[in-house]
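Taking it in order: structure first as structure tokens, then the write-up.
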Amino acid sequence: MPRTARAKSVFYHRDALDTLNGHHSLADKLTALHKLLKRRYPFMSRIAVAVYDSKTDLLKTYVDSGKSSHPLKRYSAKLSDVPSLQSAITRRAPRVVNDLDVFKFSRAEHATRIRAAGYGSSYTLPMFLNGAFWGFVFFNSRLKHVFTDRVLHDLDIFGHLVSLTAISELSSIRVLEASVRTAADLVHRKDIDTGAHLDRMANFARLIARKVATIYNLTDDLIEHIFLFAPLHDIGKIAIPDEILRKPGALTDQERTVMRSHTAKGREIIDVMLNNFGLDGLQHIDMLRNIALYHHEAMNGSGYPKGLRGEDIPIEARIVAVADIFDALTSRRSYKERWSNDEAFAMLQRMAGSQIDQQCVHALMAQQQEIEDIQARFQEDPYG
Numbered sequence: 080m081p082r083t084a085r086a087k088s089v090f091y092h093r094d095a096l097d098t099l100n101g102h103h104s105l106a107d108k109l110t111a112l113h114k115l116l117k118r119r120y121p122f123m124s125r126i127a128v129a130v131y132d133s134k135t136d137l138l139k140t141y142v143d144s145g146k147s148s149h150p151l152k153r154y155s156a157k158l159s160d161v162p163s164l165q166s167a168i169t170r171r172a173p174r175v176v177n178d179l180d181v182f183k184f185s186r187a188e189h190a191t192r193i194r195a196a197g198y199g200s201s202y203t204l205p206m207f208l209n210g211a212f213w214g215f216v217f218f219n220s221r222l223k224h225v226f227t228d229r230v231l232h233d234l235d236i237f238g239h240l241v242s243l244t245a246i247s248e249l250s251s252i253r254v255l256e257a258s259v260r261t262a263a264d265l266v267h268r269k270d271i272d273t274g275a276h277l278d279r280m281a282n283f284a285r286l287i288a289r290k291v292a293t294i295y296n297l298t299d300d301l302i303e304h305i306f307l308f309a310p311l312h313d314i315g316k317i318a319i320p321d322e323i324l325r326k327p328g329a330l331t332d333q334e335r336t337v338m339r340s341h342t343a344k345g346r347e348i349i350d351v352m353l354n355n356f357g358l359d360g361l362q363h364i365d366m367l368r369n370i371a372l373y374h375h376e377a378m379n380g381s382g383y384p385k386g387l388r389g390e391d392i393p394i395e396a397r398i399v400a401v402a403d404i405f406d407a408l409t410s411r412r413s414y415k416e417r418w419s420n421d422e423a424f425a426m427l428q429r430m431a432g433s434q435i436d437q438q439c440v441h442a443l444m445a446q447q448q449e450i451e452d453i454q455a456r457f458q459e460d461p462y463g
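The following block contains the structure:
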């Protein structure tokens, strides 16, 4: 007769959550947690994470365990427009809706989409770390009135597992960005780019990525990583001598060669930082490497550092290139006045196809109101 686990003194138990220990994407980890939860509660249909950007007040879809049905792909909404979620943050408590029909008269697009997808109830946990709000974890069922006290007890545990896993990934990226800005300030005192420029171009990159997502099969988490990585595109300029980086006049051929080396140096700096911070396993990190190395490549092969052509240039680098050029044109610099958006659009159209990606240009130009909103929110400080 086999001995039971209780009778054994020493044995090895299979860890049901071992997926969380490996180099898996957040989406894969979320799917594994969902499968485990469904063994106990088969009615649990979906787990999703939305992240919050305090600078824009946007709550943005990030990952979803519903492989076949994702009702909120590439969706964002202003948190200030969702009072019930604001209340969950204020109360620091999960919001439980046992019958989503309470929102049947709501004009909010997300409420309409969730109900149209057949979901009947929801549990929403605000994500916090050290008191700072990061976003929400959502649990949905197609059934109503399923969130009993027992179920809620378990969802509290699973919700915090998801929250900690998501925040761990996102905070690592913030550490990288903060480290780069600190290094530029303390080591060389270089004001490579203003904070407003980095915020604008990152948001422009997100606009483009969302618009071309169906063409290039970009998921919500890939779009968010392009947004998060975009401000680090020029980190290699930390290694460029001040006399070249800040030279007011035209560069010599030799100086231009040194300046162009910032792309390769950026890739090197990223690898060193990832190793020093133990972040080699960070998800989608190759996107950051590609953005730093290839954002000056040209569609016709005339760019640098490798002279890549067309779709051989990673899409994330093509997206960031258009966002960066547009903001550079529409920003005042010591050597030029600010161009109007229409003047910048005309220039982008002239460059489209030969220098920069035509689809990305069209995607940006199709969102002129959103562009103006970003420019109004992230204005340059005239006093520095």
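Sequential numbering from 80 applies to the sequence shown in my numbering.
Just so you know, even glycine gets a beta-carbon here, dropped at the ideal spot from N, CA and C.
Quick caveat: nothing in here was measured; it's all calculated off a predicted structure.
Secondary structure of residue i, DSSP reduced to three states
i       : result
Asp-94  : coil
Gly-274 : helix
Ser-381 : coil
Tyr-198 : coil
Ala-431 : strand
Tyr-131 : strand
Phe-182 : helix
Val-266 : Residue placement at Val-266 cannot be trusted, given a pLDDT of 47 that sits under 50; what the coordinates show is reported in the next sentence. If DSSP states are grouped into helix, strand and coil, Val-266 belongs with the helices.
Lys-87  : coil
Val-225 : coil
Arg-417 : coil
Asp-350 : helix
Ala-175 : Note that residue 175 corresponds to Val in the displayed sequence, not to Ala. Strand, per DSSP.
Asp-300 : helix
Arg-411 : coil
Arg-368 : helix
His-363 : coil
Phe-457 : coil
Gly-328 : coil
Beta-carbon contacts of residue i that lie in its chain and below 6 Å, excluding the five residues immediately before and after
i       : result
Val-89  : none
Ile-394 : Tyr-295
Gly-382 : His-375 and Glu-376
Leu-387 : Glu-376
Phe-457 : Ala-275, Asp-278 and Arg-279
Rounded C-alpha distance that separates residue i from residue j
i       : j       : result
Arg-412 : Gln-437 : 26 Å
Thr-298 : Leu-158 : 22 Å
Ile-453 : Lys-139 : 16 Å
Ser-124 : Pro-310 : 36 Å
Tyr-462 : Thr-203 : Confidence at Tyr-462 is low in this model, with a pLDDT of 46, below 50, so its placement is unreliable and the value that follows should be read with caution. Each residue's Cα considered, the two are about 43 Å apart.
Glu-322 : Ala-329 : 12 Å
Ala-111 : Arg-171 : 27 Å
Leu-164 : Ile-246 : 19 Å
His-103 : Met-352 : 21 Å
Thr-293 : Ile-302 : 11 Å
His-300 : His-239 : The identity of residue 300 in the sequence shown is Asp, whereas the question assumes His. Each residue's alpha carbon lies about 19 Å from the other.
Ala-396 : Leu-243 : 30 Å
Met-366 : Lys-87  : 48 Å
Ile-450 : Ile-404 : 14 Å
Val-241 : Phe-217 : 10 Å
Own chain residues within Cβ distance below 8 Å of residue i, not counting five before or after
i       : result
Glu-188 : Tyr-154 and Ala-156
Lys-326 : Glu-334
Gln-447 : Asn-420
His-113 : Met-123, Arg-125, Ile-126 and Ser-144
Arg-368 : Arg-346, Ile-349 and Asp-350
7 Å CB neighbourhood of residue i in its chain, flanking five on each side removed
i       : result
Ile-398 : Ala-284, Ile-287, Ala-288, Ile-305 and Cys-439
Leu-465 : A question about residue 465 goes unanswered here, because the residues of the chain that appear run from 80 up to 463.
Gly-357 : none
Lys-223 : Asn-177, Asp-178, Gly-199 and Ser-200
Counterpart residues of residue i in DSSP-defined beta bridges
i       : result
Leu-138 : Tyr-131 and Ala-156
Ser-220 : Met-123 and Ser-200
Ala-211 : Leu-208
Asp-143 : Ala-127
Ala-170 : The question names Ala, but residue 170 is Arg in the sequence shown. Arg-170 is not bridged to any residue.
Arg-388 : Asn-379
Beta-carbon separation (whole angstroms), residue i vs residue j, contact threshold 8 Å
i       : j       : result
Ser-410 : His-276 : 6 Å
Val-175 : Leu-116 : Contact flag wrong, Cβ pair sits at about 16 Å.
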